[in-house]
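Enquirer: Below: one structure in structure tokens.
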Amino acid sequence: MNFLSKKASGIAPYTAGEQPQDRKYIKLNTNENPYPPSPRVAEVLRALETEGLRRYPRPDAGKLRAAIALEEGVEPENVFCGNGSDEVLALSFPAFFDADGAGACFADLTYSFYEVFAAFFGIPVNIVPLRADFTFDLSAMQAADCQGYYIANPNAPTGVGIERDLLDDFVSSVPDRLVILDEAYMDFFGESCVPLTKKYSNVIVVKTFSKSYALAGIRCGYAVGNAALIDGLFRMKDCFNSYPVDAVAEAVCAAAIADREYYRGMTARVVSERERLRGELLGMGFTVPESRSNFLFAGRTKLSGREIYARLKAAGILVRYWEKPVLCDFVRITVGTPEENDVLLSQLYTILS
Ligand SMILES: *Cc1c(COP(=O)(O)O)cnc(C)c1O
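Structure (structure tokens):
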């Protein structure tokens, strides 16, 4: 007897990047930050009042929302927090899309979780291919029939970014559709569309503490948008999990987001390494779209993505590859520390020569 529902048996779940424990790798496969989080995080954890853990956390993550609102220049009512931005994105599907509606529109090469969430919630999808140079075809997206859009900016796994002015025009051109901007890597680009959430009622921005804040282990992300949209997310959260943000995550993330100075320096170091690494990869003959994120999408050499992945893994370096059309000729490499990047580059020289 198979007790699984048709949905559980039939769905193709998202596959996260591997986190192997067999040996110590130079880990450039899941876009984690190579640097530690703000020193204030350790202070918060040291001072943690374990007595407080006896109680449920704030169901609205009010303290963290206030800290985020301060940093983003909005009001707490414009902020929603979840257990990773993946959860915020997941809740956005039932909050803003109907199973019998025109569907969610997104690019063919983008964060693959969108397709999984759509399948899970039974939302139709309308997929618009990227252009040959991996940029978004915003006019084709505008012409697509849909209830709303998911746009990762910068995009994953390509790293390609869209300037805020272009998105301003796009959002204003589709006033009756919701535009969900996934800004997981925005701090490495610096063109956040949070200001557009004050100008337009049809845009919502989703961010995470996992990448630029070096807190992937904490699981916290958030959305910024007008109060009506934020209320939609709260309605879905309260049908699923009353307390997605635990007390530790709330305290840690509130301290981290307030340490602007620390993160500005750390992000600048990652960006400068990204540019150095891209230059070296181009010199080796890789095709590498200009990246606005903390990773590089590199490929079109004589070796497939899978071959490069396997050879690097044998040398103790993890990168990401996919068995999918177009993507199969590439690997996605997270920017590491200068030392890690040097090891990667010397291994790639060996592998390709
Ligand atoms: C990493 C990532 C996320 C998810 O981040 P979490 O907050 O760790 O769940 C969302 N969107 C994109 C495009 C990402 O790369």
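Every letter in the sequence shown is one number past the one before it in the numbering used here, and letter 222, counting from 1, is 1174. All C-beta atoms in this analysis are idealised placements derived from N, C-alpha and C, irrespective of residue type, glycine included. Note that this is a predicted model, so its numbers are computed, not measured.
(1) Taking only the alpha-carbon atoms, compute the straight-line gap between methionine 1236 and tyrosine 1301 and give it to the nearest angstrom.
(2) Taking a cut-off of 5 Å, which residues have a beta-carbon closer than that to any heavy atom of ligand 1, in chain order?
(3) Measuring straight from C-alpha to C-alpha, what distance separates valine 1123 and asparagine 1154?
(4) Here's the rule I'm using: 16 or more other beta-carbon atoms within 10 Å means buried, otherwise exposed. How should tyrosine 1008 be labelled?
(5) Is DSSP giving isoleucine 978 helix, strand or coil here?
(6) Helix, strand or coil, according to DSSP, for valine 1157 in the structure here?
(7) Report the option in Ile1103, Val1077, Pro1076, Gln1099 whose CA atom is closest to the CA atom of phenylalanine 1088.
(8) Along the chain, where does the alpha helix (DSSP H) that runs through arginine 1228 open and close?
(9) Between the Cα of proline 903 and those of Ala1208, Tyr1174, Asn1178, Arg1212, spot the shortest distance and give me the residue it belongs to.
(10) What does DSSP give as the partner residues of arginine 1272 in its beta bridges?
(11) Which of helix, strand or coil does DSSP assign to phenylalanine 1186?
(12) Distance check for phenylalanine 1247 and lysine 1163, CA to CA, integer angstroms please.
(13) Quick one: Cα of proline 1290 to Cα of alanine 1019, how far?
(14) Relative to the alpha-carbon of cysteine 1205, which residue among Gly1177, Leu1016, Cys1057, Leu997 has its alpha-carbon at the smallest distance?
(15) Can arginine 1221 and serine 1243 be called in contact, C-beta distance under 7 Å?
(16) Starting from the Cα of proline 1046, find the closest Cα among Val1240, Ser1194, Ser1224, Lys1189 and give me that residue.
(17) Do the CB positions of cysteine 1145 and phenylalanine 1161 come within less than 7 Å of each other?
(18) Is tyrosine 987 helix, strand or coil when you go by DSSP?
(19) What is the rounded straight-line gap between the Cα of leucine 997 and the Cα of tyrosine 1165?
(20) Starting from alanine 1104, trace the beta strand (DSSP E) both ways and give me its first and last residue.
(21) Relative to the alpha-carbon of leucine 1233, which residue among Asp1183, Thr1253, Phe1073, Arg1216 has its alpha-carbon at the smallest distance?
(22) Could you check the C-alpha separation between arginine 1006 and glutamate 1027 for me, to the nearest Å?
(23) Give me, in chain order, the residues of the same chain whose beta-carbon lies closer than 7 Å to that of valine 1223; leave out the 5 immediate sequence neighbours on both sides.
(24) Reducing DSSP to helix, strand and coil, say where cysteine 1205 ends up.
(25) In three-state terms, what does DSSP make of glycine 1257?
(26) Measure the beta-carbon distance from proline 1106 to tyrosine 1137 and round it to whole angstroms, keeping in mind my assumption that it falls under 8 Å.
(27) DSSP on glycine 1173, reduced to helix/strand/coil?
(28) Please list the terminal residues of the continuous beta strand (DSSP E) segment that includes aspartate 1134.
(29) Taking the straight line between their C-alpha atoms, what separation do you get for proline 1081 and glutamine 1094?
(30) Taking only three categories from DSSP, how would you classify valine 1077?
(31) Closer than 8 Å by C-beta to arginine 1187: which residues in its own chain qualify, once you throw out the five before and the five after it? Chain order, please.
Expert: Reading from the atomic positions:
(1) Translated into the one-based positions of the sequence shown, residue 1236 becomes position 284. Translated into the one-based positions of the sequence shown, residue 1301 becomes position 349. Counting only the Cα atoms, tyrosine 1301 lies some 7 Å from methionine 1236.
(2) Those residues, listed in chain order, are Gly1036, Ser1037, Asp1038, Tyr1063, Ala1104, Ala1108, Asp1134, Ala1136, Thr1160, Ser1162, Gly1173.
(3) For the purposes of this step, residue 1123 is taken as residue 171 along the sequence shown, with counting starting at 1. For the purposes of this step, residue 1154 is taken as residue 202 along the sequence shown, with counting starting at 1. In a straight line, the C-alpha of valine 1123 is about 7 Å away from that of asparagine 1154.
(4) Looking up residue 1008 in the sequence shown gives position 56. With fewer than 16 other Cβ atoms inside 10 Å of its own Cβ, tyrosine 1008 counts as exposed.
(5) The sequence position of residue 978 within the sequence shown is 26, counting from 1. Three-state DSSP puts isoleucine 978 in a strand.
(6) Your numbering for residue 1157 matches position 205 in the sequence shown. If DSSP states are grouped into helix, strand and coil, valine 1157 belongs with the strands.
(7) Residue 1088 sits at position 136 when you count from the first residue of the sequence shown. Closest in C-alpha terms to phenylalanine 1088, from the list Ile1103, Val1077, Pro1076, Gln1099, comes Ile1103.
(8) Residue numbering aside, residue 1228 sits at position 276 when the sequence shown is read from its first letter. Counting along the chain, the unbroken alpha helix (DSSP H) around arginine 1228 starts and ends at 1212-1235.
(9) Because the chain here runs from 953 to 1305, residue 903 falls outside it and cannot be looked at.
(10) As a working mapping, residue 1272 is identified with position 320 in the sequence shown. Beta-bridge pairing links arginine 1272 to Arg1284.
(11) As a first step, residue 1186 must be located in the sequence shown, where it is residue number 234. Under the three-state reduction of DSSP output, phenylalanine 1186 falls in the helix class.
(12) As a position in the sequence shown, residue 1163 is number 211, starting the count at 1. As a position in the sequence shown, residue 1247 is number 295, starting the count at 1. The C-alpha of phenylalanine 1247 is placed about 11 Å away from the C-alpha of lysine 1163.
(13) Start at 1 with the first residue of the sequence shown, and residue 1290 comes out as number 338. Start at 1 with the first residue of the sequence shown, and residue 1019 comes out as number 67. When rounded, the distance between both Cα atoms is 32 Å.
(14) Here the question's residue 1205 lines up with position 253 in the sequence shown. Looking at Gly1177, Leu1016, Cys1057, Leu997, the one whose alpha-carbon comes closest to that of cysteine 1205 is Leu1016.
(15) In the sequence shown, the residue the question calls residue 1221 occupies position 269. In the sequence shown, the residue the question calls residue 1243 occupies position 291. Cβ distance not < 7 Å, so arginine 1221 and serine 1243 don't count as in contact.
(16) The count along the sequence shown starts at 1 and reaches residue 1046 at position 94. When only C-alpha atoms are compared, the closest one is Lys1189.
(17) Mapped onto the sequence shown, residue 1145 falls at position 193. Mapped onto the sequence shown, residue 1161 falls at position 209. Between cysteine 1145 and phenylalanine 1161, the C-beta gap is not smaller than 7 Å, which leaves the two residues out of contact.
(18) Your numbering for residue 987 matches position 35 in the sequence shown. The DSSP-derived three-state label of tyrosine 987 is coil.
(19) Within the sequence shown, numbered from 1, the residue matching residue 997 stands at position 45. Within the sequence shown, numbered from 1, the residue matching residue 1165 stands at position 213. Between leucine 997 and tyrosine 1165, the C-alpha separation is close to 16 Å.
(20) Within the sequence shown, the letter at position 152 stands for residue 1104. Secondary structure note for alanine 1104: its beta strand (DSSP E) is the uninterrupted segment 1100-1104.
(21) For the purposes of this step, residue 1233 is taken as residue 281 along the sequence shown, with counting starting at 1. Checking every option, the nearest Cα to that of leucine 1233 belongs to Thr1253.
(22) As a working note, residue 1006 is residue 54 in the sequence shown. As a working note, residue 1027 is residue 75 in the sequence shown. Each residue's alpha carbon lies about 30 Å from the other.
(23) Here residue 1223 corresponds to residue number 271 of the sequence shown, with the count starting at 1. Within the same chain, Phe1140 come within 7 Å of valine 1223 by CB-CB distance, once the 5 residues on both sides are set aside.
(24) Translated into the one-based positions of the sequence shown, residue 1205 becomes position 253. Helix at cysteine 1205.
(25) As a working mapping, residue 1257 is identified with position 305 in the sequence shown. It is helical.
(26) Position 154 of the sequence shown holds residue 1106. Position 185 of the sequence shown holds residue 1137. Right, the Cβ-Cβ distance comes to about 5 Å (below 8 Å), so this counts as a contact.
(27) One-based indexing of the sequence shown puts residue 1173 at position 221. Assigned with DSSP and collapsed to three states, glycine 1173 falls in strand.
(28) Residue numbering aside, residue 1134 sits at position 182 when the sequence shown is read from its first letter. Here the beta strand (DSSP E) through aspartate 1134 covers 1130-1134.
(29) Sequence index remark: in the sequence shown, residue 1081 carries index 129 (1-based). Sequence index remark: in the sequence shown, residue 1094 carries index 142 (1-based). Cα to Cα, proline 1081 sits roughly 13 Å from glutamine 1094.
(30) As a first step, residue 1077 is located in the sequence shown; it is residue number 125 there, counting from the start. Valine 1077: strand per DSSP, three-state reduction.
(31) Residue numbering aside, residue 1187 sits at position 235 when the sequence shown is read from its first letter. So the list reads Ala1047, once near-sequence residues are dropped.
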